[in-house]
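A.B. asks: Residues 14 to 164 (this note's numbering) make up the sequence shown, in order.
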Amino acid sequence: SNWLISHVITCFLGYAAFAVSCGVSITYILKKRHEEQHKEGGLLASFPSSSVLDELIYKTIAIGFPLLSIGIITGAAWANYAWGTYWSWDPKETWSLITWFIYAAFLHARITRGWRGIKAATLSIVGFAAVIFTYLGVNLLLSGLHSYGAG
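(1) Going by the beta-carbon positions, is the gap between G97 and G27 smaller than 8 angstroms?
(2) I need the DSSP call for H51, collapsed to helix, strand or coil.
(3) Are there three or more Cβ pairs, one per stretch, closer than 8 angstroms when the stretch 33-52 is compared with the stretch 125-144?
(4) State the start and end residues of the unbroken alpha helix (DSSP H) segment that holds L136.
(5) Alpha carbon to alpha carbon, what distance is there between R126 and I18?
(6) Determine the contact status of F141 and A32, defining contact as a CB-CB distance below 8 angstroms.
(7) Around the C-beta of I111, are 16 or more other C-beta atoms found within 10 angstroms, so that it is buried, or is it exposed?
(8) Does the distance from the C-beta atom of V37 to that of L66 stay below 8 angstroms?
(9) Taking 7 angstroms as the limit between beta carbons, can you name the residues of its chain near A89, skipping five residues before and five after?
(10) Closer than 6 angstroms by C-beta to C24: which residues in its own chain qualify, once you throw out the five before and the five after it? Chain order, please.
(11) Near I138, which residues of its chain fall below 8 angstroms by C-beta distance, leaving aside the five closest residues on each side in sequence?
(12) Could you check if A95 is buried or exposed, using at least 16 other CB atoms within 10 Å of its CB as the buried criterion?
(13) To the nearest angstrom, report how far apart K45 and A30 are at their CA atoms.
(14) Just to confirm the assignment, what range does the alpha helix (DSSP H) spanning P61 have?
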């Protein structure tokens, strides 16, 4: 089904953007600490400034969020085609929605409250922890329509 193909591709690309955001967030935290300690040289000195990294965190989430949104929507369309229902509160669906809400909160806090810096980087890392659980943890620990590869 084209719905399934679209669902898998957009979710994967959204998760990839969130992985980049998490990596940049970790780099941001290390770089910010490096800048605050007025250290010169070393590997962190070769990275862009913390303000550039902060903006990159936002931009990668701004790319990943609509991709995840499209992935959830196309997944619902495919579920309706395959099982006759758009949403069944399967653990993978539920955790995808939780992940979506975390990144929605990030964007909301950034746009309306001006969240930047450590708070934004931390929320990005929390969001990617939810991605990891959604992508791997649900399959390993919970059962549902998205359970595959088990035993």
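Ideal Cβ placement from N, Cα and C applies to all residues, glycine included. Values in this document were obtained by computation on a predicted structure and should not be read as measured data.
C.D. replies: Looking at the atomic coordinates:
(1) Contact: no.
(2) Coil at H51, not helix or strand.
(3) Output reads yes: the stretch 125-144 touches the stretch 33-52.
(4) 130-145 is the span of the alpha helix (DSSP H), which, as asked, contains L136.
(5) If you take the alpha carbons of I18 and R126, they lie about 37 angstroms apart.
(6) Cβ distance < 8 angstroms, so F141 and A32 count as in contact.
(7) Classified as exposed, I111 has fewer than 16 neighbouring CB atoms from the shown chains inside 10 Å of its CB.
(8) Yes. Within cutoff.
(9) Setting aside the 5 residues that flank it on each side, A89 is surrounded in the same chain by Y99, W100, each with a C-beta closer than 7 angstroms to its C-beta; the list follows chain order.
(10) So the qualifying residues of the chain are G84.
(11) Exclusion of the five residues before and after I138 leaves C35, S38, I39 as the residues of its chain whose Cβ lies within less than 8 angstroms of its Cβ.
(12) Counting Cβ neighbours within 10 Å, A95 comes out exposed, since fewer than 16 surround it.
(13) Cα-Cα distance, rounded: 22 angstroms.
(14) Premise fails: P61 is in no alpha helix (DSSP H) and is neither H nor E.
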